Each structure stands twice: as C-alpha cells, then as structure tokens.
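K.L.:
I have a structure here, written as structure tokens, and I will follow up with some questions on it.
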Amino acid sequence: MRHVIALDVGGTGMKAALVGPAGELLHQARHATGRERGPDAVVGTILDFAAELRAHGERLFGTPAAAAGVAVPGIVDAGSGTAVYSANLGWRDVPMRRLLGERLGGVPVALGHDVRTGGLAEGRIGAGQGADRFLFVPLGTGIAGAIGIDGGVEAGAHGFAGEIGHIVVRPGGTACPCGQHGCLERYASAAAVSQAWAETSGSPDADAADCAQAVAAGDARAVRVWQDAVDALADGLVTALTLLDPRTLIIGGGLAEAGETLFTPLRAAVERRVTFQKLPSIVPAALGDTAGCLGAGLLAWDLLETSHTDRSEVTI
C-alpha cells in the first residue's frame, strides 16, 4: 500500500498519520510536543516520531513511506524548507525539510504552514470541495487564514498571505503583540472571547466555550460579549471578501464548535455589512483537528506528483 507520513506540529501536541493516495487516514497517532524541554528537544521529538511512523508503515504495508509532509506553526520559508520562527516552540531557522529527509532515509519532504495546510485539506476534501476560491479562517488562540485558489493555497511573496488576524478592525484599540492596535484577533479569537467573558462574569477560569453556553442559555452579559466578537469578526471577514472575493468562507477552530450559536449571528452580521460584494457561503470546517495532518499528507502526495526537477521545493 503506497502511503506517506503526515505530521501536524502544535504548541502542545503533535498529530500524525499515514495517509493513502486519496487522502484516507490509514493510521493515526499523537505525541506531546514537549516544548518545555526547549526547541532542540522539540525538533528531536519530531524526528523520532517521524521515524516511528516510518517503521510502523513498513510493518503494516511491507514498504516504507514514499514521502513525508509536515505542518508547523509560525513563519515558514517555502524556498528553503526552513521553519524560520515560532514563538510557541521557541525555534529559529530550523532546516526541517533537510533534517526530516535525512532521518527518513532520503525520502522527499514537504514543509507547510499549519493554517495553510489545514486550509488545503478543507479545500480539497473538506468543506471547500468544489469551490474554486475559498477563505479558511480558524478561530483559536489567534486568528489566521488560508486563501484557497483552484485547488491550492496561496503563500504570498513573503509567506504571510492570509494573516487576517492582523487586519485592524478597531483603530486605536487593544494593543497586539504584532505592534499594531485593534487587530481582529484581539477581539474575535477564542482567547479574546475567553478573556472578555472571564472579566465580565467575574470567573477567572471561564473560557469561550463557557461564554457560548451562557449565550445559548440567554445570559444578557454573555450575549453582549459574544456579539462584540461576532461584529469584529464580521468586519474583518468583509474586508477579506472585498479583497479576495471567495466563493466560500470556512470557519474553524475552537469558536466554530459553538455551531449555530456562532454561525447564525455571524451570517447575519456579514450580510448586514456587504454592499456591492457578492455574499459568500459561510460554513463550518468539516475536518476538525485532523485538517492540518491531512493537509500535510496532501502536500506529500503533491510532492510526488509534481513534474518539477527539484521536487523538494513544493511547500505552502
């Protein structure tokens, strides 16, 4: 059975899989990232985990993986296959593609940005199937985006395409670590909603899921907090759709787990704001927390199928 190795590296945990030619999950595994042990230890854990997957695939299918794909957070240099920087993992300039290739016996390795690889999977085999242009926006600790065009995902000239979380929606507002004030992710991320609801409710341990439950129960304070976040998100999304004209907006991440508690007011807020723009479909992500891993697998298969002379340069 031909298969590839797929790794989705997160701040606290790694998801991994052996992925078949049609994007099917043949085997899944998870491992702690171990960032408390430092960036070098994290890299070592990734390499060891990949080697374990390679050995498991050989035992299962009698043949080694044909390629590997890995999705990492932070800044990714597509040309060199380097994980340039990750605040969560503490690393800088890690030659991930080369290191993984060497550890896996010389197989080709594709390196991708975690949100863009998740968007690639949602576009091809998830909620964006059939859409020639889509925008994937996961609402987690922060907010990022993946711009899908004709089956691929746009990285941009410098690797920063899709950073919708740093669109300024409230000029002069809350300071953002990026250096601006009033960024979208300071108002509409799961972390922002958690903070706002903890302050409003007087419960330091309250989070966005608690806020969503309180909204569903009719708590007026929660409704105000939630609507503030929805309005900020709608402002950011309308800016994005004005520039990109996507056919579909795919919303994922922790806030999307609230279901229609999020999507009903969000669709209404976006519709109120559009004028000449074409209103896109606004749908929940379909693949959940497997999107990044599946996207990494798709990257690996793309690597094998490309006709480029240097196939190791396929990244997003």
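For the sequence shown, the positions run 1 to 316 when this note's numbering is used. Yeah, the Cβ is synthetic: ideal placement off N, Cα and C, and Gly gets one too. For clarity, every value in this text was computed on a predicted model and none was experimentally measured.
1. Ordered along the chain, which non-local residues of its own chain (more than five positions away) have a Cβ less than 6 Å from that of Ile-125?
2. Indicate whether Ala-127 and Val-238 have their beta-carbon atoms separated by less than 7 Å.
3. Are the segment 134-153 and the segment 111-125 in contact at 8 Å, needing three or more beta carbon pairs?
4. In whole angstroms, what is the alpha-carbon distance linking Val-225 and Ser-189?
5. Is the beta carbon of Ala-296 less than 7 Å from the beta carbon of Val-9?
6. Kindly list the residues whose CB is nearer than 7 Å to the CB of Arg-97, restricted to its own chain and excluding five residues on each side of it in sequence; keep chain order.
7. Going by Cα to Cα distance, which pick from Glu-52, Ile-46, His-56, Leu-89 is closest to Arg-35?
8. Using the Cα positions of Val-4 and Val-19, report the straight-line distance between them to the nearest angstrom.
9. Check this for me: beta carbons of Ala-208 and Val-193, under 7 Å apart or not?
10. How would you write the range of the alpha helix (DSSP H) that Ala-146 sits in, first residue to last?
11. On the three-state DSSP scale, how would you describe Val-19?
12. From this set, Ile-164, Ala-212, Ala-196, which residue's C-alpha is nearest Leu-241's C-alpha?
13. What residue range is occupied by the uninterrupted alpha helix (DSSP H) comprising Thr-261?
14. Curious, which full-length alpha helix (DSSP H) runs of at least 4 residues does the segment 232-260 contain?
15. If we require 4 or more residues per run, which alpha helix (DSSP H) segments fall completely within the segment 79-150?
16. Taking the straight line between their C-alpha atoms, what separation do you get for Asp-219 and Gly-11?
17. Straight-line CA distance for Ser-307 to Phe-49?
18. Of all the options Ala-131, Val-43, Gly-130, which has the alpha carbon lying nearest to the alpha carbon of Trp-91?
19. By the DSSP assignment, the alpha helix (DSSP H) with Val-215 in it spans what residues?
20. What are the partner residues of Cys-183, as DSSP defines its beta bridges?
21. Could you compute how far the alpha carbon of Ala-286 sits from the alpha carbon of Leu-255?
22. Here's the rule I'm using: 16 or more other beta-carbon atoms within 10 Å means buried, otherwise exposed. How should Ala-206 be labelled?
23. Would you mind stating whether Gly-292 and Asp-114 have Cβ atoms separated by less than 7 Å?
24. With a threshold of 16 other CB atoms inside 10 Å of the CB of Glu-185, please say whether the residue is buried or exposed.
P.N.:
Straight from the coordinates:
1. The residue given as residue 125 occupies position 125 in the sequence shown. If we look at Ile-125 and ignore the five residues flanking it on each side, its Cβ neighbours are Gly-23.
2. For the purposes of this step, residue 127 is taken as residue 127 along the sequence shown, with counting starting at 1. For the purposes of this step, residue 238 is taken as residue 238 along the sequence shown, with counting starting at 1. No, the Cβ-Cβ distance between Ala-127 and Val-238 is not below 7 Å.
3. yes
4. Working through the sequence shown from its first residue, we reach residue 225 at position 225. Working through the sequence shown from its first residue, we reach residue 189 at position 189. About 12 Å.
5. As a position in the sequence shown, residue 296 is number 296, starting the count at 1. As a position in the sequence shown, residue 9 is number 9, starting the count at 1. In terms of Cβ geometry, Ala-296 and Val-9 do not form a close pair [threshold 7 Å].
6. Numbered from 1 along the sequence shown, position 97 holds the residue referred to as residue 97. Closer than 7 Å at the Cβ level, and outside the excluded window around Arg-97, lie Gly-81, Val-109, Leu-111, Ser-312.
7. Here residue 35 refers to the residue found at position 35 when the sequence shown is read from its first residue. It is Leu-89 whose Cα lies nearest to the Cα of Arg-35.
8. Residue 4 sits at position 4 when you count from the first residue of the sequence shown. Residue 19 sits at position 19 when you count from the first residue of the sequence shown. About 5 Å.
9. Taking the sequence shown and counting its residues from 1, the one referred to as residue 208 is at position 208. Taking the sequence shown and counting its residues from 1, the one referred to as residue 193 is at position 193. Yes. Within cutoff.
10. On the sequence shown, residue 146 is found 146 positions in, with the first residue counted as 1. Here Ala-146 belongs to no alpha helix (DSSP H); instead the beta strand (DSSP E) covers 146-149.
11. In the sequence shown, counting from the first residue as 1, residue 19 sits at position 19. Three-state result, Val-19: strand.
12. The residue you call residue 241 lines up with position 241 of the sequence shown. Out of Ile-164, Ala-212, Ala-196, Ile-164 has the C-alpha closest to the C-alpha of Leu-241.
13. For the purposes of this step, residue 261 is taken as the residue at position 261 of the sequence shown. If you look at Thr-261, you'll find it in the alpha helix (DSSP H) that goes 260-273.
14. Listed in chain order, there is nothing to give.
15. Qualifying alpha helix (DSSP H) stretches, in chain order: 96-103, 114-125.
16. Here residue 219 refers to the residue found at position 219 when the sequence shown is read from its first residue. Here residue 11 refers to the residue found at position 11 when the sequence shown is read from its first residue. Roughly 33 Å separates the two Cα atoms.
17. Mapped onto the sequence shown, residue 307 falls at position 307. Mapped onto the sequence shown, residue 49 falls at position 49. Caution is warranted here: a pLDDT of 38 is assigned to Ser-307, below 50, making its placement in the model unreliable, and no coordinate value can be reported.
18. Position 91 of the sequence shown, counting from 1, holds the residue named residue 91. Considering only alpha carbons, the answer is Val-43.
19. Translated into the one-based positions of the sequence shown, residue 215 becomes position 215. Residues 208-216.
20. To locate residue 183, count along the sequence shown from 1; it is residue 183. Note: Cys-183 sits in a beta bridge opposite Val-168.
21. Start at 1 with the first residue of the sequence shown, and residue 286 comes out as number 286. Start at 1 with the first residue of the sequence shown, and residue 255 comes out as number 255. Answer to the nearest angstrom: the Cα atoms are 14 Å apart.
22. One-based indexing of the sequence shown puts residue 206 at position 206. Residue burial annotation: Ala-206 is buried, with at least 16 other C-beta atoms found within 10 angstroms of its C-beta.
23. Numbered from 1 along the sequence shown, position 292 holds the residue referred to as residue 292. Numbered from 1 along the sequence shown, position 114 holds the residue referred to as residue 114. Yes, they are a contact pair.
24. Here residue 185 refers to the residue found at position 185 when the sequence shown is read from its first residue. Result: buried.
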